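The numbering used here numbers the first residue of the sequence shown as 10 and each following residue consecutively. Shown next, in structure tokens, is the structure this report addresses.
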Amino acid sequence: MLLLSFVENEILSEDFDLSLVWKEFLGLGPHEAASETKRSYWLTQKSLYSFLSMEYREGKVIYPKQAAMFEAYRKTAPSEVKVVLLGQDPYHGPGQANGLSFSVSDGVSPPPSLKNIFKELASDIGIEEPTSGCLDLWAERGVLMINSILSVCEGEPGSHRNKGWEDLTQIVLSQLSQKRHGLVFILWGSYAQNQKRFIDSDRHLVIECAHPSPLSAWRGFFGSKPFSRTNEYLAMQGKLPIDWHI
């Protein structure tokens, strides 16, 4: 019983939420008037609390650690976003997921998808393939690296699908699309591309291609030049390009 209480309290800790600056941007701040967006967010959080509490209660190993689930939103403030790099769900192997889509922490070997991203980076703009898979510098330079789903059970890709995370992602994409102008949305793979309906392609550049996974990278990811296309568009918008070096 004591263990259960600890787990539930841990799930409901202050780390398990968006930062105040993101809440205010999304119209979810404590002083914001009631709205359908606030109601949807509250219901989403309630659903996620319940689901994740049950997962922990059953002894399941969940990635990333709770403190890192909203890491992408802590690394990149809404006013700093230039690019949204949308993934599906976190890496499901031990020690890999760190809260940023496609990224791993320093000292962790880059997974196959990330290795393919680095190959395309080298081919596209001539940057030598990095040895570190930590993409924190991209986040600090304005690349919001989020997954549609922010948690996963160990060894079970897609296990936290349709539990509420996608509703949060919908809110974020919709508000960025409406309130910002001239952003780049990079959608790799069909799952990410399904989120395109929340993005106004007349106001933003949407880059779509195959997922960098070894299963699909040769079906349109390699040669898609997402990095150069992103910087060309940002320059056209009068914005500084992204420094893709790591």
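Ideal Cβ placement from N, Cα and C applies to all residues, glycine included. Here the structure is a predicted model, which is why all the values come from computation and not from measurement.
Reduced DSSP category for residue i - H, G, I as helix; E, B as strand; rest coil
i, result
"His127", "The residue you asked about is not His; residue 127 is Phe in the sequence shown. Three-state result, Phe127: helix."
"Val70", "coil"
"Ile180", "helix"
"Val113", "coil"
"Leu243", "helix"
"Ile134", "helix"
"Glu165", "strand"
"Leu153", "strand"
"Ser44", "coil"
"Lys32", "helix"
"Leu185", "helix"
"Phe230", "coil"
"Leu57", "helix"
"Phe236", "helix"
"Trp253", "coil"
"Asp26", "coil"
Residues of its chain near residue i, where Cβ-Cβ distance is below 6 Å and the 5 sequence neighbours each way are ignored
i, result
"Leu192", "His213"
"Gly198", "His220"
"Ser168", "Val161 and Cys162"
"Lys234", "Asp133"
"Phe34", "Pro87"
"Thr178", "Ser157"
"Leu37", "Lys47 and Tyr50"
"Leu123", "Phe111 and Gly142"
Sub-7 Å separation of residue i and residue j beta-carbons
i, j, result
"Ala76", "Leu109", "no"
"Ser141", "Asp115", "yes"
"His101", "Glu163", "yes"
"Leu182", "Phe207", "yes"
"Phe231", "Asp133", "no"
"Leu27", "Phe60", "no"
"Pro139", "Ile255", "yes"
"Glu217", "Leu249", "no"
"Tyr72", "Ala106", "yes"
"Gly247", "Thr53", "no"
"Pro121", "Pro39", "no"
"Ile136", "Trp253", "yes"
"Leu144", "Val93", "no"
Cut-off 7 Å between Cβ atoms - residues of its own chain near residue i, not counting five sequence neighbours on either side
i, result
"Leu21", "Its pLDDT being 46, under 50, Leu21 is placed unreliably by the model, and the measurement read from it follows with that caveat. Closer than 7 Å at the Cβ level, and outside the excluded window around Leu21, lie Tyr58."
"Gln97", "Asn156, Ser157, Ile158, Gly198, Tyr200 and Ala201"
"Ser104", "Rather than Ser, the amino acid found at residue 104 in this sequence is Gly. Hits under 7 Å: Val117."
"Trp31", "Tyr82 and Pro87"
Check: residue i C-beta below 6 Å from any heavy atom of the ligand COA
i, result
"Ala148", "What this structure holds is no ligand at all, so the ligand COA is not there to describe."
Ranges of the alpha helix (DSSP H) found wholly within the segment 194 to 227, counting only runs of at least 4: 199 to 202
Stretch-stretch touch, CB-based, cutoff 8 Å, three pairs: the segment 33 to 52 with the segment 144 to 158: no
My parser needs the alpha helix (DSSP H) runs of 4 or more residues fully inside the segment 64 to 110; what are they? 80 to 84
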